[in-house]
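Visitor: Chains as they are written, first to last, in the numbering used here: chain A, 52 to 123; chain B, 38 to 271.
In structure tokens:
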């Protein structure tokens, strides 16, 4: 139930748009690989958007995984 | 790369500002080499475009393989076809947007996201091909968790009843359709956007506004604290 409510209500704080998310995604992912806290500082509202938008969230997860695989 | 894609790629002009190699002080040597080759002429550019196609195919395959595990009906040849089509579409986007690359990540990371986006959108559309999209308000239900103790279940039922009232009363018909489809029926936002003749960015804005109204409705009815208990405040 909590999961369904979460999907209905979304993130409570400010979040970026899908457009901004795509524009910043590569920078955010590289910062995340180095230091996740710095990533959120650099792009405020990105984490909230990735939790609220399933499509952007999925694409972020794939890019993060791919970059990590490349660097392994 | 198919001959058709190669022809399309040849037709994508290098943006004028990019041709002058806009100063990008943050560029690492590998990214600078990619940009220089893609903005050059003749054989050097053709060779770079081939490598870019391979890079985008790798990103598209990575996405397709991750998602295809959840799509058992996808056959092997469909998987390859989606990856190929995605790489071909992505290469056109990358070449057209070269000037947007700010050098704030590696060039390869920047390019990957185009391949992943194309593959992800194609996979979602394939999964919903021929399926009716449940967007009508009457097609949703909210049931309390059955494993809860009776008093907790009663409290959750009260919250859900107010959520239902909020969806019915506080939202516009368009906001209701989008929220019900995406948040309750798990319709991918870009599939819904395609059916409604909209785009992901615009529909997410609608979803965001609907969620804000729903939160405000619950707060007006004294249920803001209850959301924390149910995990709806992150």
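Using N, Cα and C, we set each Cβ at its ideal position, and we do this for glycine too.
Apart from the five residues on each side of it in sequence, which residues of its chain come closer than 6 Å, Cβ to Cβ, to residue 53/B?
Guide: In this prediction, residue 53/B has a pLDDT of 44, which is less than 50 and means its spatial position is unreliable; what the coordinates show is noted afterwards. If we look at residue 53/B and ignore the five residues flanking it on each side, it has no Cβ neighbours.
Visitor: Taking C-alpha atoms, which residue in 82/A, 56/A, 58/A lies nearest to residue 114/A?
Guide: 82/A
Visitor: By how many angstroms is the C-alpha of residue 241/B removed from the C-alpha of residue 66/A?
Guide: Their backbone Cα atoms lie some 11 Å apart in a straight line.
Visitor: Please report the straight-line C-alpha distance between residue 84/A and residue 187/B, rounded to a whole angstrom.
Guide: 45 Å
Visitor: Got a sec: is the Cβ-Cβ distance from residue 83/A to anything in chain B below 8 Å?
Guide: no
Visitor: Using DSSP with H/G/I as helix, E/B as strand and the rest coil, what is residue 134/B?
Guide: coil
Visitor: Measuring alpha carbon to alpha carbon, tell me which residue in 142/B, 170/B, 140/B, 129/B is nearest residue 155/B.
Guide: 129/B
Visitor: Determine the chain B residues that contact residue 78/A at a beta-carbon separation under 9 Å, and present them in chain order.
Guide: Neighbours of residue 78/A in chain B, taken as residues at a C-beta separation under 9 Å, are given in chain order as 139, 141, 142, 146, 147.
Visitor: Residue 110/A: buried (16+ other C-beta within 10 angstroms of its C-beta) or exposed?
Guide: buried
Visitor: Does residue 106/A have its Cβ less than 8 Å from a Cβ in chain B?
Guide: yes
Visitor: Note the first and the last residue of the continuous alpha helix (DSSP H) segment covering residue 222/B.
Guide: Element bounds for residue 222/B: n/a, residue is neither H nor E.
Visitor: How many Å lie between residue 118/A and residue 93/A at the Cα?
Guide: 19 Å
Visitor: Please report how far the alpha carbon of residue 255/B lies from the alpha carbon of residue 112/A, in whole angstroms.
Guide: 32 Å
Visitor: Would you please state the rounded distance, in angstroms, between the beta carbons of residue 106/A and residue 225/B? I believe it to be under 8 Å.
Guide: With 8 Å as the limit, residue 106/A and residue 225/B qualify as a contact, their Cβ atoms being about 6 Å apart.
Visitor: Taking only beta-carbon atoms, is residue 248/B less than 8 Å away from chain A?
Guide: yes
Visitor: So residue 100/B contacts chain A; which residues on that side make the cut at Cβ distance below 7 Å?
Guide: 113
Visitor: Applying a beta-carbon distance threshold of less than 9 Å, which residues of chain B neighbour residue 67/A?
Guide: Result: empty, since nearest Cβ-Cβ is about 10 Å, beyond 9 Å.
Visitor: Considering only the beta carbon of each residue, do residue 208/B and residue 250/B sit closer than 8 Å?
Guide: yes
Visitor: Relative to the C-alpha of residue 96/B, which candidate in 252/B, 106/B, 153/B, 246/B has its C-alpha closest?
Guide: 153/B
Visitor: Could you tell me how far apart the beta carbons of residue 157/B and residue 100/B are, in whole angstroms, since I believe they sit closer than 8 Å?
Guide: 6 Å
Visitor: Return the Cβ separation of residue 171/B and residue 106/B in integer angstroms, given the expectation that the two are a contact with Cβ distance under 8 Å.
Guide: So it is not a contact: roughly 25 Å between Cβ atoms.
Visitor: With a threshold of 8 Å between beta carbons, is residue 58/A in contact with chain B?
Guide: yes
Visitor: Rounded to a whole number of angstroms, what is the C-alpha to C-alpha distance between residue 104/A and residue 79/B?
Guide: The straight-line gap from Cα to Cα measures roughly 42 Å.
Visitor: Using only the alpha-carbon positions, how far apart do residue 86/A and residue 63/A sit?
Guide: 24 Å
Visitor: Between 111/B, 75/B, 141/B, 98/B, which lies nearest to residue 65/B when the distance is taken from Cα to Cα?
Guide: With distances taken between Cα atoms, residue 65/B lies closest to 141/B.
Visitor: If you draw a straight line from the C-alpha of residue 216/B to the C-alpha of residue 117/B, how long is it?
Guide: 33 Å
Visitor: Mind checking whether residue 135/B and residue 221/B have CB atoms under 8 Å apart?
Guide: no
Visitor: With distances taken between CB atoms, is the gap from residue 75/B to residue 151/B smaller than 8 Å?
Guide: no
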